[in-house]
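Chains as they are written, first to last, in our numbering: chain A, 687 to 997; chain B, 2 to 255. A virtual CB, placed ideally from N, CA and C, is assigned to each residue, including glycine. Worksheet for the structure shown next.
Take a look at the structure:
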């Protein structure tokens, strides 16, 4: 896990937009001073609300746009020309593919750009078509495909060169639940093959299920990066305490200014951090209550994400 | 290999484009129509067929060049299909050259079809074909390729509407180059003199590529007119390709 596959240093992108017919120029900082590292074999999820700079980062990695400041390294070499892209598979956000080609023609075209010879092309295309579940439609024109089918074909083209690094921009956005499940399985399969996967998403549950590490981007800045467990634990952690207490004492429980649920003489209290726990335990003892359970609550990625982007 | 892959893809794109097929059918139909028009002009049938046929070839070739040429780039950029290609191990100059090559093949096939229609019409009407039209057809092809390069050049950095307008302006000024030169010479002190002079030198003189009247009327041509036209046109094409590549290689594909 110590081989650096992606490294960015002070990466920034500023767009200039002209309005009022070119009379007024507006500067938009899409990405600001991004320092990020992704290691071999890991699944890295890049999360953030719309306009956070996720797609800008991905376009900078794939050289579709050029940085205003900062540098990018792929596979340990500075990404100054297209050579590193030989080992990269890229799926754009909601890809638009050539509607006048059939799925098979399109994959063949992409394979030709990678310089694959005819036999390898044919073999790989057949395997990938099967893998992404497009066997029945592969001879049809892409313009007749549904969004989900285009997404699957887009994924197939990203895998055509058997890449070491996969860069996927919102890969699950236009897939139905079955498609998302297939996609997650595929990502895990690719991870098991030793591939590195960098993907952006706003579907947090998917990221939570498959990512080894996450980075949260907000307004062009990377606000946090790390393993989900570490990030969650770095925050105050909620605790649920259940205890039995004599019904005569229950009226006093309002004194505990936390979430409280009372069912008969059973009380459930949710505390927002462990610090408040010792004082509650003393209180229970004072009331003559009996402690039933203390359960630490794992913060969901969504909770954490919302906390970070609202800061 | 990569340039060829892009060229082949571009070729497929253009020949599967209904606009192209429609323009081609219309052009060939119009050339065949000279069978009727030629009948109206007593003793001038052969001349009318050649004149009309070559003009139709030039105008429809130009229409294909402008509409397909601009569409080719703008569609890639606006529909963002370019993301999938430009992120692959391919240089941006290879993408431009591949596109120009693919479109050139389509245009040349069109010229071949239109030439067959023209010579076929001649054969039906006159019982013979005039191979003396070939130099004019060759230079029409060069002119169309040059206009394609202008269309691709403009559409690599401005919108499709502006690209179409600028390309048509270049075509028009290019054919009025002689008048422009005369105007500058006769009225050297008029306002905007420097601007007109600038335009005169930047925009190619497309009349150099126009041998239509010369071949139809069997006029005496200056020696090496075809070779000069060929080199002149190719020189401009190379220059435009270079500029397009420089602009396209540096631009962000947003």
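- When 7 Å is used as the limit between beta carbons, residue 2(B) is near these residues of chain A: 798 and 801, in chain order.
- In summary, no residue of the stretch 103 to 121 of chain B has a CB separated from any CB of chain A by less than 8 Å.
- Around the beta carbon of residue 173(B), fewer than 16 other beta carbons sit within 10 angstroms, so the residue counts as exposed.
- Within the stretch 757 to 778 of chain A, 768, 769, 771, 772, 776 and 778 place their CB atoms closer than 7 Å to a CB of chain B, listed in sequence order.
- In the three-state reduction of the DSSP assignment, residue 957(A) falls in the strand class.
- DSSP places residue 817(A) inside the alpha helix (DSSP H), whose first and last residues are 804 to 817.
- Under the DSSP assignment, residue 255(B) falls outside any alpha helix (DSSP H); it carries neither an H nor an E label.
- Under the DSSP assignment, residue 90(B) falls outside any alpha helix (DSSP H); it carries neither an H nor an E label.
- Its chain contains 118 and 122 as the residues whose beta carbon lies nearer than 7 Å to that of residue 33(B), once the 5 sequence neighbours on both sides are disregarded; these appear in chain order.
- DSSP places residue 731(A) in no alpha helix (DSSP H) but in the uninterrupted beta strand (DSSP E) bounded by 729 to 733.
- For residue 88(B), the neighbours in chain A by C-beta distance under 8 Å run, in chain order, 748, 749, 750, 771, 774, 776 and 778.
- Distance from the CA atom of residue 898(A) to the CA atom of residue 768(A), rounded to whole angstroms, is 28 Å.
- Contact between residue 84(B) and residue 254(B) holds, since their C-beta atoms are separated by about 7 Å, short of 8 Å.
- Around the beta carbon of residue 58(B), 16 or more other beta carbons lie within 10 angstroms, which makes this residue buried.
- Between residue 741(A) and residue 836(A), the alpha-carbon positions lie close to 19 Å from each other.
- Under the three-state reduction of DSSP, residue 776(A) is assigned to strand.
- Residue contact check for residue 81(B) against chain A: a CB pair falls below 7 Å.
- Burial is judged here by how many other beta carbons sit within 10 angstroms of a residue's own beta carbon; residue 753(A) has at least 16 and is buried.
- Using a CB distance cut-off of 7 Å, residue 784(A) counts as an interface residue toward chain B.
- Counting C-beta atoms within 10 angstroms of its own C-beta, residue 794(A) has 16 or more neighbours from the protein chains shown and is therefore classed as buried.
- DSSP lists 900(A) as the beta-bridge partner residues of residue 912(A).
- For residue 716(A), the three-state secondary structure derived from DSSP is strand.
- Within the same chain, and ignoring the five residues on either side of residue 957(A) in sequence, the residues whose Cβ sits closer than 7 Å to its Cβ are 924, 925, 927, 944, 963 and 966.
- Shortest Cα-Cα distance from residue 150(B) to any of 202(B), 176(B) and 100(B) involves 100(B).
- The beta carbon of residue 748(A) sits closer than 8 Å to those of 771, 774, 776 and 853, all from its chain and outside the five residues before and after it, given in chain order.
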